[in-house]
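Chemist:
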Amino acid sequence: MMEGVNRTRPKIRDSRLPITKELLLLIVKILPFICSSSYEVKLFQAAFSLAYHGLLRIGELAVSNGKSAHIISISDVSWSSFGVLNIRVPSSKTDQLGKPAKIWITGSSLVKNAFIESRQRPGGTNLCLDRLNAEIWWQGKSGMVTSQLRRQIRIMKKYEDPPKFLVVHVGANDLGNIKTKDLREKLIQAMTFISKDLPDTKIVWSQMLPRLKWRYSNDSKAMEKCRYRVNNAVANFILESGGYYIRYPDISRTENMYKSDGVHLSVIGNNIFLNSIQGGLEFFMLKTNGHVFPSTDI
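Encoded structure:
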């Protein structure tokens, strides 16, 4: 709730200005009067000069809050044979436009429960992807069905700029209530709407999971066939449109994967679900030619 309230408040833009050449020269000149030794003078002169010429933040050069893995180390600096200084930046808070890469994850209660579980994990709700300059916004809604997806995206657009990736996990709550052919068409229509509404966003189809129990049918075998057909149809459409597909081959129809209701994931199932989403997003961000995770045939 508090997260939702915070997002309704006006965004505070970063008003800090970059270091200009004139300011850099002034800092370099005044350091000898501030520092306690000539070593400190040279150290800070080098740091500010590197930050200015490399378009870096000082926080990317110095250890802060124990996050030493995010700073530039001596192994990241090298000279080329042409006398060019090469610096590898292992982590950056923002991209070249000054904004983190946004990722939206929306869908049914599985998304909601995954968000709650992610808060207990070491990587937090960003699934350790902040090291890749990514920020995740989770929006799961209990009982969400396909017909609610468009409205959900419109609401999210009111509070955030369009994301780089949109992970969609929806459709399973419609199985058995809507004919397979009709559900397939509704989902593809929804994906088409989203791709037009968010033209610069890459859609990630999150595979509908199996269940031990289905709301609208007791014939689990028939429901699995419907799930398989709808999943493949939507995934193929997304992939042909340049999107991505996350599969969950390790989540099977076994009791240890689900809670007693046979629908929602257990702690084990949730962690596998989160691991797959984290792995998929990292794979898509780093591999420009990889569109399916795990990378195998649908």
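With the working numbering, letter number 173 in the sequence shown gets 166, and the count goes up by one each step, no holes.
Each residue gets a CB set at the ideal place from its N, CA and C atoms; glycine is no exception.
When burial is assigned at 16 or more other CB atoms within 10 Å of the CB, is Asn263 buried or exposed?
Modeler: It counts as buried.
Chemist: Would DSSP call Leu36 helix, strand or coil?
Modeler: Three-state DSSP puts Leu36 in a helix.
Chemist: Would you report the Cα separation of His162 and Trp198, rounded to the nearest angstrom?
Modeler: C-alpha separation (whole angstroms): 7 Å.
Chemist: Classify Val160 as helix, strand or coil using the three-state DSSP reduction.
Modeler: If DSSP states are grouped into helix, strand and coil, Val160 belongs with the strands.
Chemist: For Ser253, I'd like the list of residues in its chain whose CB is within less than 7 Å of its CB, leaving aside the five on either flank, ordered along the chain.
Modeler: Correct list: empty, nothing qualifies.
Chemist: At what residues does the beta strand (DSSP E) containing Gly312 begin and finish?
Modeler: For the chain, the structure presents residues -6 to 291; residue 312 sits outside this window and is missing.
Chemist: Can we say the region 172 to 180 touches the region 106 to 121, given the rule of at least three CB pairs closer than 8 Å?
Modeler: As far as the Cβ criterion goes, the region 172 to 180 does not touch the region 106 to 121, which means the pair count is below three.
Chemist: Quick check on Ser61: does DSSP put it in helix, strand or coil?
Modeler: In this prediction, Ser61 scores a pLDDT of 48, lower than 50, which makes its location untrustworthy; the coordinate-derived value is nonetheless stated afterwards. If DSSP states are grouped into helix, strand and coil, Ser61 belongs with the helices.
Chemist: At the level of alpha carbons, what is the spacing between Val70 and Tyr32?
Modeler: Computed Cα separation, rounded: 20 Å.
Chemist: Which residues mark the beginning and the end of the beta strand (DSSP E) in which Gln145 is found?
Modeler: Run containing Gln145: none in the beta strand (DSSP E); it sits in the alpha helix (DSSP H), 142 to 152.
Chemist: Rounded to whole angstroms, what's the CA-CA distance from Pro242 to Gly272? Just pull it up for me.
Modeler: Each residue's alpha carbon lies about 13 Å from the other.
Chemist: Mapping the DSSP letters down to three states, classify Ile171 as helix, strand or coil.
Modeler: The answer is strand: DSSP assigns Ile171 an E or B state.
Chemist: Below 8 Å on the Cβ atoms is my guess for Gln200 versus Arg240; work out the distance and round it to an integer in Å.
Modeler: With 8 Å as the limit, Gln200 and Arg240 qualify as a contact, their Cβ atoms being about 5 Å apart.
Chemist: Over what stretch of residues does the beta strand (DSSP E) that includes Ser71 continue unbroken?
Modeler: Ser71 -> beta strand (DSSP E) spans 70 to 72.
Chemist: Thinking Lys95 and Lys157 are a contact (beta carbons under 8 Å), I'd like their distance in whole angstroms, please.
Modeler: Yes, Lys95 and Lys157 are in contact; Cβ-Cβ is about 6 Å, under 8 Å.
Chemist: Pull up the CB-CB distance for Leu159 and Glu275, whole angstroms please, since I reckon it's below 8 Å.
Modeler: About 16 Å separates the two Cβ atoms, so there is no contact after all.
Chemist: I need the straight-line Cα distance from Val138 to Leu18, nearest angstrom please.
Modeler: Their Cα atoms are separated by approximately 60 Å.
Chemist: In whole angstroms, give me the CA-to-CA distance for Met278 and Ser111.
Modeler: Roughly 20 Å between the two C-alpha positions.
Chemist: Glu217 lies in the alpha helix (DSSP H); which residues open and close that run?
Modeler: That run of the alpha helix (DSSP H) goes 213 to 233.
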